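Enquirer:
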Amino acid sequence: MNIAKSLKSLAPALMVGTLVSHSIFALEASRASYSFHGFGTLGVVSSDEDQADFVSSWILQPNGAGHTSKWHAGIDTKLGGQINAQFNEQFSAVLQVVIERQEDNAWTPAIEWANIQYRLNDNFSLRLGRSVIAAFMVSDTRLVGYANHWIRGPQELYQIVPITNIDGLDAVYTLDFGEWRNSLQITYGQTDQDLVFKGELRARDGVMLSNTLEYNYTTFRLAYLTAHIDLDSSNSNALFTAYDDLGHALASIPGLNDAATQAYALPRRYGFDNTPIEIYSAALRLEPGNWLFMAEWARVTETAALSKSDAWYATLGHRFNSMTPYVTIAEVNGETPQESGVTTNGMPTPLAITTTALNNGFNQYISQFSHAQQSITLGIRWDFINNAALKLQYQHIQLDQNSAGRLVNLQPDFQSGNRVNTFSAVIDFVF
Amino acid sequence: MLCFFVASARSDIVVVVSAASPISSLSKNQVEKIFLGKSRRFPNGSRAVPLNQSEGNLERDAFYQMVSGKSPAQIKAHWAKLIFTGRGQPPKEAASNDDVKQLLTNNGVNISYIDRTAVDDSVKIVALK
Chain A
1 MNIAKSLKSL APALMVGTLV SHSIFALEAS RASYSFHGFG TLGVVSSDED
51 QADFVSSWIL QPNGAGHTSK WHAGIDTKLG GQINAQFNEQ FSAVLQVVIE
101 RQEDNAWTPA IEWANIQYRL NDNFSLRLGR SVIAAFMVSD TRLVGYANHW
151 IRGPQELYQI VPITNIDGLD AVYTLDFGEW RNSLQITYGQ TDQDLVFKGE
201 LRARDGVMLS NTLEYNYTTF RLAYLTAHID LDSSNSNALF TAYDDLGHAL
251 ASIPGLNDAA TQAYALPRRY GFDNTPIEIY SAALRLEPGN WLFMAEWARV
301 TETAALSKSD AWYATLGHRF NSMTPYVTIA EVNGETPQES GVTTNGMPTP
351 LAITTTALNN GFNQYISQFS HAQQSITLGI RWDFINNAAL KLQYQHIQLD
401 QNSAGRLVNL QPDFQSGNRV NTFSAVIDFV F
Chain B
432 MLCFFVASAR SDIVVVVSAA SPISSLSKNQ VEKIFLGKSR RFPNGSRAVP
482 LNQSEGNLER DAFYQMVSGK SPAQIKAHWA KLIFTGRGQP PKEAASNDDV
532 KQLLTNNGVN ISYIDRTAVD DSVKIVALK
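The listed protein sequences correspond, in order, to chains A and B. Those letters in the first sequence? Residues 1 to 431, per the numbering used here, in order. Those letters in the second sequence? Residues 432 to 560, per the numbering used here, in order.
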């Protein structure tokens, strides 16, 4: 965080530099050059599920399309600005600020990238500062709609890592042999992120390893990500405190010692307290001629309340002049744990009723951490002018019997196992 | 007549270096890599600094079609990926064939492309293998 803050103080200086030298043709390699670039998305989404909300991030967007409003413009809409500074052949810096709807519904600007890059030689470069976690193949351009054929990466897979950036150090080692290119990237860092429900997530000792092999129109990538996670939210704190209190109460009643032990154990089993998480993934991209094919698979290990899940998608597109229609199928198969909670045998009736209610609430809470759905998406990208693309996307989602999938803000009448239809329209632009 | 126009828009683009450059031939793939920021070197190991023509110039669209088969929008999306991940900056740009020739002799950049009819003594055509 300190790194990001100190980089932030560089921003005005970089900005002045940009204004001064924006149109100057700085050809001498030794002279510093600055440039400004921007990107953005204007989009609306509608969903026919009126008992839950469709969002683009389950931990960063509190509500969205469906229940909160039939049509919602705050799901994909964003504006980003970036200053690049090239100080010399070795040193460069990047600062990117993005305005999008945050976990508190405010459109607060946030620093997405802020790092200094040192290029030792053609093969090796180091970055210090804030970078986007390249957990999956196109995670690092997740916000730059114009760079991708779809509106947003398939949420079944891409929302396995909903946090976006990491503060730390990364190194990239690239080797070219003939027409082949191999890039090995290692990142070490940490992040603090505000979440919905006044939540806070801390990731420490984050390590990301990825290896990308490119040959002609083929890209193959393997990645591994691990970190220690702390997660606090108003929901989890209230529930875990309630179980601790229940444990105290039960321990004082003769014969209910086992129930007390159960009550104490639940927060420890399901709470995120420096809990290690591991994510494995593999990805393939083929771009022969006007075709585009991408497929990706990922697995997240069971981590506190987060269930073990596998996710995958496959997408196929074809460019016809300025039109690129595409189809995507995707699945995430997290298993919702059936937690029996604290057994009520032998409890006085009032206490049994309270305990049952608490158990039900607890099951609802942990079900938010297991996502299972399948979907098919039909879309088209139209590059209607030079620096902007219009995209239309229809997604049909089949929710698992025991899961709300990637939907949030569930209402009392919500039923898992539903089919949900969403329609999205966006204009992505760069400048 | 139509054929003539199509031909002149498509195929009369030549890759050029300054007349004094040691580079005389490259593969299309090598040229593509240099212009898409995937390679910083000529095959002989010297530093390659490409110069683009301005967006919207016919020469530019024809050049990328020739070396990579990619449309202007695909090229733009490619650079959006590199720029917004801090992994690269697009080549500098020149407004016309004449500007390209002038800038190539300034040593800051050392490879570009122009319409064949604009070739003169100041530049050398790079044979595409």
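Note that CB positions come from ideal geometry on N, CA and C, so glycine has one too. These figures come from a predicted structure and were not determined experimentally.
Can you list the residues of chain A that B:Phe473 reaches, using a CB-CB cut of under 8 angstroms?
Expert: Under the 8 angstroms cutoff, chain A gives no residues; its nearest Cβ is about 12 angstroms from B:Phe473.
Enquirer: List the endpoints of the continuous alpha helix (DSSP H) containing A:Tyr270.
Expert: Asn257 to Tyr270 is the span of the alpha helix (DSSP H), which, as asked, contains A:Tyr270.
Enquirer: Using 8 angstroms as the Cβ pair cut-off and three pairs as the minimum, do the stretch 238 to 245 of chain A and the stretch 350 to 364 of chain A touch?
Expert: Short answer: they touch.
Enquirer: Give me the residue from A:Ala65, A:Ala106, A:Gly64 and A:Ala110 with the minimum Cα distance to A:Gly81.
Expert: Minimum Cα distance to A:Gly81 is reached at A:Ala110.
Enquirer: Can you name the residues of chain C whose CB is closer than 7 angstroms to the CB of A:Asp167?
Expert: The structure shown contains no chain C; its protein chains are A and B.
Enquirer: Comparing the C-beta of B:Thr516 with each C-beta of chain A, is any distance below 9 angstroms?
Expert: Yes, its Cβ sits closer than 9 angstroms to a Cβ of chain A.
Enquirer: Check whether the Cβ of B:Glu463 lies closer than 9 angstroms to any Cβ atom in chain A.
Expert: B:Glu463 does not count as touching chain A.
Enquirer: What does a CB cutoff of less than 6 angstroms around B:Phe466 pick up in its chain, not counting 5 residues either side in sequence?
Expert: Cβ within range, chain order: Pro481.
Enquirer: How would you list, in chain order, the residues of chain B whose beta-carbon sits under 9 angstroms from the beta-carbon of A:Phe39?
Expert: Correct list: Ala511, Ile514 and Phe515.
Enquirer: Counting only beta-carbon atoms, is A:Ala238 nearer than 9 angstroms to chain B?
Expert: No, A:Ala238 does not count as interfacial toward chain B.
Enquirer: Could you tell me which chain B residues have their CB closer than 9 angstroms to the CB of A:Asp122, listed as they occur along the chain?
Expert: Per Cβ cutoff of 9 angstroms: Ser470, Arg471 and Arg472.
Enquirer: Could you name the residues of the stretch 384 to 406 of chain A whose beta carbon sits closer than 8 angstroms to any beta carbon of chain B, in the order they occur along the chain?
Expert: Of all residues in the stretch 384 to 406 of chain A, Asn386, Asn387 and Ala389 have a Cβ within less than 8 angstroms of some Cβ in chain B.
Enquirer: Could you work out which residues of chain A lie near B:Ala504, taking near to mean beta carbons separated by less than 8 angstroms?
Expert: In chain order: Ser322, Asp383, Asn386 and Ala389.
Enquirer: Please give the ranges of any alpha helix (DSSP H) in the stretch 292 to 340 of chain A, keeping only runs that are unbroken, at least 4 residues long and fully inside the region.
Expert: With a minimum length of 4 residues, no continuous alpha helix (DSSP H) run stays inside the stretch 292 to 340 of chain A.
Enquirer: Note down, one range per segment and in chain order, each beta strand (DSSP E) of at least 3 residues found wholly within the stretch 492 to 546 of chain B.
Expert: Counting only runs of 3 or more, we get 523 to 525 and 543 to 546.
Enquirer: Would you say A:Gly153 faces chain B, with C-beta separation under 9 angstroms as the test?
Expert: Cβ-Cβ to chain B under 9 angstroms: no for A:Gly153.
Enquirer: Going by C-alpha to C-alpha distance, which of A:Pro154, A:Val144 and A:Val342 sits closest to A:Ala314?
Expert: Residue A:Pro154 is the option with its Cα nearest to A:Ala314.
Enquirer: Could you work out which residue in A:Thr349, A:Val327, A:Thr344 and A:Thr356 is closest to A:Ser375 when comparing CA atoms only?
Expert: Nearest C-alpha to A:Ser375: A:Val327.
Enquirer: When the Cα of A:Gly168 is compared with those of A:Ala238, A:Val196 and A:Gly129, which residue comes out closest?
Expert: Among A:Ala238, A:Val196 and A:Gly129, the Cα nearest to that of A:Gly168 is on A:Gly129.
Enquirer: Quick one: what's got a C-beta closer than 6 angstroms to A:Gln102's C-beta in the same chain, skipping five residues either side?
Expert: Excluding residues within five positions, the ones whose Cβ falls inside 6 angstroms are Thr108.
Enquirer: Please state whether the Cβ-Cβ distance between B:Ala511 and A:Tyr146 is less than 9 angstroms.
Expert: Contact: yes.
Enquirer: What's the gap between the Cα of A:Gln51 and the Cα of A:Tyr270?
Expert: If you take the alpha carbons of A:Gln51 and A:Tyr270, they lie about 27 angstroms apart.
Enquirer: From the DSSP output, in three-state form, read off A:Gln398 for me.
Expert: If DSSP states are grouped into helix, strand and coil, A:Gln398 belongs with the strands.
Enquirer: Whole angstroms are fine: how far does the CA of A:Asp192 sit from the CA of B:Ala450?
Expert: The straight-line gap from Cα to Cα measures roughly 56 angstroms.
Enquirer: Check whether chain A comes within 9 angstroms of B:Lys507, counting only Cβ atoms and requiring the distance to be less than that.
Expert: It does; some Cβ of chain A falls within 9 angstroms.
Enquirer: Assuming B:Val447 and B:Ile556 make a contact with CB atoms under 8 angstroms, what is their CB distance in whole Å?
Expert: Indeed, because the Cβ distance is near 6 angstroms, the residues count as touching under 8 angstroms.
Enquirer: Against A:Gly289, what residues of chain B qualify as contacts under a CB-to-CB distance less than 8 angstroms, listed in chain order?
Expert: Residues of chain B passing the Cβ test: Gly500.
Enquirer: Would DSSP call A:Thr68 helix, strand or coil?
Expert: Looking at A:Thr68 - three-state DSSP - the assignment turns out to be coil, as it is neither helix nor strand.
Enquirer: Step through the CB atoms of chain A and report whether any lies within less than 9 angstroms of the CB of B:Asn460.
Expert: True, the Cβ-Cβ gap to chain A drops below 9 angstroms.
Enquirer: A:Phe136 by DSSP, collapsed to three states: which one?
Expert: DSSP places A:Phe136 in coil when its eight states are reduced to three.
Enquirer: Under 8 angstroms by Cβ, that's how I've got A:Ala304 and A:Thr275 pegged, so tell me the actual separation to the nearest angstrom.
Expert: Indeed, because the Cβ distance is near 5 angstroms, the residues count as touching under 8 angstroms.
Enquirer: If I measure Cβ to Cβ from B:Phe473 and keep anything under 6 angstroms in the same chain, skipping five residues before and after, which residues do I get?
Expert: So the qualifying residues of the chain are Ile454 and Ala479.
Enquirer: Over what stretch of residues does the alpha helix (DSSP H) that includes A:Thr356 continue unbroken?
Expert: It spans Thr349 to Ser367 - the alpha helix (DSSP H) in which A:Thr356 sits, taken as one unbroken run.
Enquirer: Could you please give the first and the last residue of the uninterrupted alpha helix (DSSP H) stretch that includes A:Thr164?
Expert: Element bounds for A:Thr164: n/a, residue is neither H nor E.
Enquirer: Distance check for A:Asn216 and A:Tyr280, CA to CA, integer angstroms please.
Expert: The straight-line gap from Cα to Cα measures roughly 25 angstroms.
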